[in-house]
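Visitor: Below you will find the structure I want to go over with you.
There are 2 protein chains.
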Amino acid sequence: MTGLDDNWFTEIYAEESIAFSLRIRNKLHEETTPYQTISIYETETFGNLMAIDGCVMLSGRDNFLYHEMMAHPVLFTHRNPKRVAIIGGGDCGTLQEVLRHPDIEEVWQAEIDERVTRLSETWFPELCTANTDPRANFFFGDGIKWVQDTDPGYFDIIIVDSTDPVGPAEGLFTRDFYRDCFMALGESGLLVQQTESPLMDESKSIIRKAHEDMRGAGYEHTKTLLFPQPVYPTGWWSCTLAGKTTPPEYFREADAQEKPFPTRYYTADVHAAAMALPPFLQEMIGEDHPLGGEG
Amino acid sequence: MTGLDDNWFTEIYAEESIAFSLRIRNKLHEETTPYQTISIYETETFGNLMAIDGCVMLSGRDNFLYHEMMAHPVLFTHRNPKRVAIIGGGDCGTLQEVLRHPDIEEVWQAEIDERVTRLSETWFPELCTANTDPRANFFFGDGIKWVQDTDPGYFDIIIVDSTDPVGPAEGLFTRDFYRDCFMALGESGLLVQQTESPLMDESKSIIRKAHEDMRGAGYEHTKTLLFPQPVYPTGWWSCTLAGKTTPPEYFREADAQEKPFPTRYYTADVHAAAMALPPFLQEMIGEDHPLGGEG
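Read top to bottom, the protein sequences are chains A and B.
By UniProt numbering, the letter at position 231 of the first sequence is numbered 231, and the numbering carries on one by one without gaps.
By UniProt numbering, the letter at position 150 of the second sequence is numbered 150, and the numbering carries on one by one without gaps.
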């Protein structure tokens, strides 16, 4: 019935009983690290593809949507960001977007699996152009422990660019981790985390739980932003921002309009648009989080 | 490699070498009409599914995204809409959304294949609640000829809710058809058409061609709106509005905020957000259409 032969890579998203497939030309590489199995394919139309444990991480064609939305909204929300930490993000695409901001002085990428970064340098060199930037710093190891060891108040922004909340990334979707980040952030610090698809069953909603746990960890403000991401399940994705004292509803719109670098998806208008949450999602997030809704 | 057995329905979107699959419980119905083969499945998590010639038309779970966005933006753009025509739209979901507007006096649904409507009444009754509304009128036959036979200036709004631009729907994506609609619309009339995924190769872009052909047919203003639609290829979809004299950038925002009916996706904020086009799409649509971009 499927008509898909061995020339297709398929990710089955079992919880929602859906699957997404890409036609491939070649498997370029595969290796099993202490953490996971990383596969690289050449696809017909989506450029190179990285999968981890069978789940699509990124394609050359559409990763700009995700990487731009993980970096620029939070950076244009903080009043004056200088120091940024990325937890995960081993493909270096988020790092590259962060370093497009000239005022950023120091970025740390804390990725558990160095092989993700090395394979990205080989197969996604277009994402790694900022890796030699003197402001870029790399830590390979446990991101949770690394955040705990950070000097209190050191970072302006922490970006949690992780895999799904199973396996190595599970601990990144917890109140304890959000509290560790809270300690590592300055007074006006902001956290942003990828929070999966908004079209999930309410009972398993990662978005709702993220709001609850972020508030529970002490952040005054939380806000979910939406964006398309065709290679991820349902094709519709989200990130959730948490501000210790800074409300993510208000961003430096004039600065975003005048940004000194090109983007393919992000603009000030797209940033504002990403905050418009549909009623079904406002309900899912819950009335007890007024700033998670339209407010 | 795919791991998908016979319990999955798969749509292969050959042009982009991608596929989307839904796990099914049963095939509920299948028939071949003079126009196409219509299949109805019960899926695990997306409710009932209608496919035509192997392409997903709608699922019970996520059709609200599409139907709300095909109806409400154009209705809240026209100053005072009374008469609406729907070309295609046989599942009656768009008709239902249109009839939520109390000021609408008359709606015609011109669908080529009556069996689509009859099967929707059986398998998607939740989309057909307005079919007995006295304002609802049904024509089953060739929508192109039906528009040509319409009294000039009769309709305020024409909604082209069609399948992909191949087979029966091909003639709905042409300058001639847009011109026929132009004649059937009043002075401040508006046309809206579903225009497929924004993440297509530039060379085959249906969105770009729609802008060109709509302008060529005499409409002063064109504007593309974006929205998610998980069961369609790439999960990201669009509709393009064309105003004879009415610019789609300006809608009745206060009326949309005060709308007297509930929605799950559409709000005034979501409407405004849907008009924020990313730079890559502005470029694809072309500089010669300033109102197709951010303007």
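Every residue gets a Cβ at the ideal spot worked out from N, C-alpha and C, and that includes glycine.
Computed from a predicted model, the values in this text were never measured in an experiment.
What's the C-alpha gap between residue 297 (chain B) and E249 (chain A)?
Guide: Not covered by the structure: residue 297 (chain B). The range shown for chain B is 1 to 295.
Visitor: Contact criterion: CB-CB distance below 8 Å. Does F280 (chain A) meet it with respect to chain B?
Guide: yes
Visitor: Indicate the three-state DSSP secondary structure (helix, strand or coil) for S205 (chain B) in the structure shown.
Guide: coil
Visitor: Residues in the same chain with beta-carbon distance under 7 Å from G235 (chain A), minus the five sequence neighbours each way, listed in chain order, please.
Guide: P228 and Q229
Visitor: Rounded to whole angstroms, what's the CA-CA distance from L199 (chain B) to M200 (chain A)? Just pull it up for me.
Guide: 23 Å
Visitor: Using 8 Å as the threshold, is the C-beta distance between S59 (chain A) and G90 (chain A) below it?
Guide: no
Visitor: By the 10 Å Cβ neighbour count, where 16 or more other Cβ atoms means buried, how is D161 (chain B) classified, buried or exposed?
Guide: buried
Visitor: Can you grab the Cα-Cα spacing for the pair G286 (chain B) / T174 (chain B), in whole Å?
Guide: Between G286 (chain B) and T174 (chain B), the C-alpha separation is close to 19 Å.
Visitor: In whole angstroms, what separates the C-alpha of R79 (chain B) from that of R179 (chain B)?
Guide: 22 Å
Visitor: Going by beta carbon distance, what residues of the same chain come within less than 7 Å of A217 (chain A), once the five residues before and after it are set aside?
Guide: R175, Y178, R179 and F182
Visitor: Grab me the residues of residue 296 (chain A)'s own chain with a C-beta within less than 8 Å of its C-beta, minus the 5 sequence neighbours each way, in chain order.
Guide: The displayed coordinates of chain A run from 1 to 295. Any statement about residue 296 (chain A) would go beyond what the structure contains.
Visitor: Specify, as a first and last residue, the run of the alpha helix (DSSP H) that I285 (chain A) falls within.
Guide: P279 to I285
Visitor: Would you say residue 351 (chain B) reaches chain A, if we count a Cβ-Cβ gap shorter than 8 Å as a contact?
Guide: Residue 351 (chain B) is absent from the structure shown; chain B starts at 1 and stops at 295.
Visitor: Could you tell me which chain A residues have their CB closer than 7 Å to the CB of D62 (chain B), listed as they occur along the chain?
Guide: L199
Visitor: Cutting at 6 Å between CB atoms, please list the residues of its own chain near W123 (chain B), excluding the five before and the five after it.
Guide: I40 and N48
Visitor: Closer than 8 Å between beta carbons: that is the criterion. Which residues of the region 15-43 of chain A meet it against chain B?
Guide: E16, S17, I18, A19, F20, S21, L22, R23 and T43
Visitor: Just the Cα atoms here: how many angstroms apart are M50 (chain A) and G141 (chain A)?
Guide: Per the coordinates, the alpha-carbon of M50 (chain A) lies some 20 Å from the alpha-carbon of G141 (chain A).
Visitor: Keeping to the same chain, check which residues put their C-beta closer than 6 Å to that of A85 (chain A); ignore five residues upstream and five downstream.
Guide: Correct list, in chain order: W108, F155 and I158.
Visitor: Excluding five sequence neighbours on each side, which residues of the same chain lie with their C-beta closer than 8 Å to the C-beta of T195 (chain A)?
Guide: I206, I207, A210, T224, S238, C239 and T240
Visitor: With distances taken between CB atoms, is the gap from A276 (chain A) to W8 (chain B) smaller than 8 Å?
Guide: no
Visitor: DSSP state of A276 (chain A), grouped into three classes?
Guide: coil
Visitor: Measure the C-alpha to C-alpha separation of H67 (chain B) and G143 (chain A) and round it to an integer number of angstroms.
Guide: 43 Å
Visitor: Taking C239 (chain B) as part of the beta strand (DSSP E), name the residues at either end of that continuous run.
Guide: W236 to G243
Visitor: Using a beta-carbon distance below 8 Å, is W146 (chain B) in contact with chain A?
Guide: Among the residues facing chain A, W146 (chain B) is not included, as its CB has no counterpart in that chain under 8 Å away.
Visitor: Just checking my contact of P278 (chain B) with Y219 (chain A) at CB under 8 Å: how many whole Å lie between their CB atoms?
Guide: Not confirmed; about 29 Å, so no contact.
Visitor: Span of the beta strand (DSSP E) holding F140 (chain A)?
Guide: A136 to F140
Visitor: May I ask you to list, following chain order, the residues of the region 154-174 of chain A that have a beta carbon less than 9 Å from some beta carbon of chain B?
Guide: none
Visitor: Drop a sphere of 10 angstroms on the beta-carbon of F64 (chain B), count the other beta-carbons inside from all chains shown, and report buried for 16 or more, exposed for fewer.
Guide: buried
Visitor: Between Q148 (chain B) and R100 (chain B), what straight-line distance do the alpha-carbon atoms span, to the nearest angstrom?
Guide: 27 Å
Visitor: Taking only runs of the alpha helix (DSSP H) that begin and end inside the region 185-230 of chain A, which ones reach a length of at least 4 residues, in chain order?
Guide: Counting whole runs of 4 or more residues, the region 185-230 of chain A contains the alpha helix (DSSP H) stretches 206-216.
Visitor: Below 8 Å between beta carbons is the criterion; list the residues of the region 232-265 of chain A that meet it against any residue of chain B, in chain order.
Guide: T234, G235, W236, P262, T263, R264 and Y265
Visitor: Report all residues from its chain with a CB closer than 6 Å to the CB of T37 (chain A); omit the five preceding and five following residues, and keep chain order.
Guide: D53
Visitor: When you compare only the Cα positions, how much space is there between G167 (chain A) and R135 (chain B)?
Guide: 55 Å
Visitor: So what does DSSP say about E42 (chain B), is it helix, strand or coil?
Guide: strand
Visitor: I'd like to know if A276 (chain A) contacts chain B, where contact means its C-beta is closer than 8 Å to some C-beta of that chain.
Guide: yes
Visitor: Which residue wins for smallest C-alpha separation from R83 (chain A), given the options A:E16, A:D103 and A:T33?
Guide: A:D103
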